[in-house]
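Here the protein sequences come in this chain order: A and B.
If you're matching positions, the first sequence starts at 1 in the working numbering and goes up one per residue.
If you're matching positions, the second sequence starts at 168 in the working numbering and goes up one per residue.
Built from N, CA and C at the ideal position, the CB exists for glycine as well.
Number of protein chains: 2
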Amino acid sequence: MQANAISTATVIVTPEQLLAHWQGHRGLTRRVIEAFPEDKLFTYSIGGMRPFSDLAMELITLTFIGIYGTATGEWKELKDLYTGDTQPKTKEGILELWDAATIYLNEYWRQIESDRWQEVDAALGQYEQPVYSSTLYWLDNENHHRGQGYVYLRSLGIEPPFFWDRG
Amino acid sequence: MQANAISTATVIVTPEQLLAHWQGHRGLTRRVIEAFPEDKLFTYSIGGMRPFSDLAMELITLTFIGIYGTATGEWKELKDLYTGDTQPKTKEGILELWDAATIYLNEYWRQIESDRWQEVDAALGQYEQPVYSSTLYWLDNENHHRGQGYVYLRSLGIEPPFFWDRG
């Protein structure tokens, strides 16, 4: 019994720590968006890939939909969760939406029940997996796409912010 | 007391789940290494960045050093932890070292004490932070660099493996 109790209670990362970790990444991604010249953000591509504005919009959308679904179990669309402009066409507009997602993430993260993380749910209405797994997926996806943004910036001759700087 | 006990015991992800999550990523990164033509793996670069062989070696090195230090509290160098070739000059050699790291990670992960994750330690002998934070850093770093590998492959006209495929 005792061994089992200890094993079950192993805390790798607390909810507060994981939120801070994600928001640290989000701060870095915001600086990567800022580092793009306005036109390149919406047009620059390598190998037929999407411009970084599209990647940033994917990350914003997953943050809104993901945290709302994680907290409530309901998977909605971005336009149902945010009343402002959800199709920004300027860097300023994307950064505004990014910042709205930052506040939204903090707000709904607090509402996640303690036993929610290990529940199986169909994330985004279709990916049947434990809730923790979906959250890690979104975090991984942000690292993945932001890493691609680093290559875009380097190939434009622009030095990206330091990967380790999450301030 | 009760509320505090529940809060402290929130398990987002168990050690077994986080290991499986990381190894799933490592399987994908292995397929990205495989997707590179032999010469491009060691020479291809965009914007002055390192070739993917160098990025893969960074990931391999951090896996060995990281898991050994996480399990034991001692931060050693790769050559002290692996007796085979630590400077492979072929794709086959890198994949061999990659697979050795896979076994090594499984072996040492099992030895991590339950309360180790929240301890503060100087990761790699220099980064003073909680152990969980270092582990997430290495995972994030793999996503970051592998994402860059995707851009290299796309710009070479090679379709990378699906990001979501961790089998």
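Check	Outcome
Rounding to the nearest angstrom, what Cα-Cα distance links A/Ile12 and B/Trp276 in this structure?	13 Å
Can you find the residues in the same chain that come closer than 7 Å, C-beta to C-beta, to A/Tyr152, ignoring five residues on each side of it along the sequence?	Tyr44, Ile46, Phe52
Measuring only the C-alpha atoms, how far is B/Asn308 from A/Ala122?	28 Å
By how many angstroms is the C-alpha of B/Arg321 removed from the C-alpha of A/Gln111?	40 Å
I need the DSSP call for B/Arg321, collapsed to helix, strand or coil.	helix
Strictly under 7 Å for the Cβ-Cβ distance: is A/Trp117 near chain B by that measure?	yes
Going by DSSP in three states, B/Glu286 sits in which element: helix, strand or coil?	coil
Measuring alpha carbon to alpha carbon, tell me which residue in B/Leu291, B/Gly292, B/Gln296, B/Asn273 is nearest B/Trp284.	B/Gln296
Check whether the segment 229-247 of chain B and the segment 299-317 of chain B are in contact - that is, three or more C-beta pairs closer than 8 Å.	yes
Taking A/Lys76 as the reference, which of A/Gln87, A/Gly84, A/Leu62, A/Gly93 has the closest Cα?	A/Leu62
In terms of alpha-carbon separation, which member of B/Gly316, B/Val298, B/Gln190 lies closest to B/Glu280?	B/Val298
For the beta strand (DSSP E) containing A/Pro130, name the first residue and the last one.	127-130
For A/Gln148, which residues in chain B fall below 8 Å Cβ to Cβ?	Gly314, Gln315, Tyr317, Val318
Which of the three DSSP states is assigned to A/Ser134 in this structure?	helix
Have a look at A/Tyr150, A/Trp164, A/Arg146 and flag the residue whose alpha-carbon is nearest the alpha-carbon of A/Ala56.	A/Arg146
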